[in-house]
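Data block below; observations after.
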Amino acid sequence: MDSEDPRDEDVARATELCLKWLALRARSRHELHAALERKGFAEPVRERALARVEGFGYLDDARFARDRAEALLAKGRQGPRAVEERLAAHGLSPELAREAVDAARDALGFDPEGAARRVLEQRGLAGRELTPKERGRAGRLLFSRGFPEELIQRLLGDATLEPSGPED
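Going by our numbering, the first residue of the sequence shown is number 2, and it counts up by one from there.
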């Protein structure tokens, strides 16, 4: 399948695979391109197949990014930065990821402070005075979930975001 001149049957098979994968779940162009490459399809075949799927309206990275950002933010377990990182892992550009997260925040009326508080509540780190060790753990948890440092500082005060030392 390494021929430079893509055969119609190869393009048809690659297109069918893309449609099959998209029927299972939404995917980015980058993901489909990589999957076709793993299957051994040549670059011209991959590009023609992806162009066909885009032409059918089944492949749209901007729509994929917005939908995925909304789904992740709606769960309330991650902050905007973590969602942007997840989108980048799908092969989307940082700009597209940022735009999608901004659009999702607006569409959902996402409240990062409320989401961060729920994360802390789920871990038993809310509604009481925290020890310095717990405050550090809470800060690291929120930071790892993609919440902004300013928000973490506001919620926890002087929470250290450094890893725990040997005394912990």
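Cβ coordinates follow ideal geometry from the N, Cα and C atoms, glycine included.
Assigned secondary structure, residue i (DSSP; H/G/I helix, E/B strand, else coil)
i: His-34; result: helix
i: Arg-67; result: helix
i: Asp-9; result: helix
i: Ala-24; result: helix
i: Ser-29; result: coil
i: Arg-146; result: coil
i: Ala-15; result: helix
i: Gly-41; result: coil
Whole-angstrom distance between residue j and residue i, CA atom to CA atom
i: Thr-16; j: Ala-101; result: 27 Å
i: Lys-21; j: Ile-153; result: 43 Å
i: Ala-108; j: Val-12; result: 38 Å
Cβ-based neighbour list, residue i, same chain, cut-off 7 Å, excluding 5 preceding and 5 following
i: Arg-87; result: Leu-73
i: Arg-99; result: Glu-85
i: Arg-146; result: Arg-78, Gln-79, Gly-80, Ala-83 and Val-120
i: Arg-47; result: Ala-15, His-34, Leu-37 and Glu-38
Same chain only: Cβ atoms within 8 Å of residue i, ignoring 5 sequence neighbours per side
i: Glu-135; result: Leu-126
i: Asp-68; result: Ala-27
i: Glu-114; result: Leu-152, Arg-155 and Leu-156
Residue i, enclosing alpha helix (DSSP H) - first and last residue
i: Ala-50; result: 44 to 57
i: Arg-155; result: 150 to 157
- Please go through the region 69 to 137 and give each complete alpha helix (DSSP H) segment of 4 or more residues, from N-terminal end onward. The qualifying runs are 81 to 90, 95 to 109 and 113 to 123.
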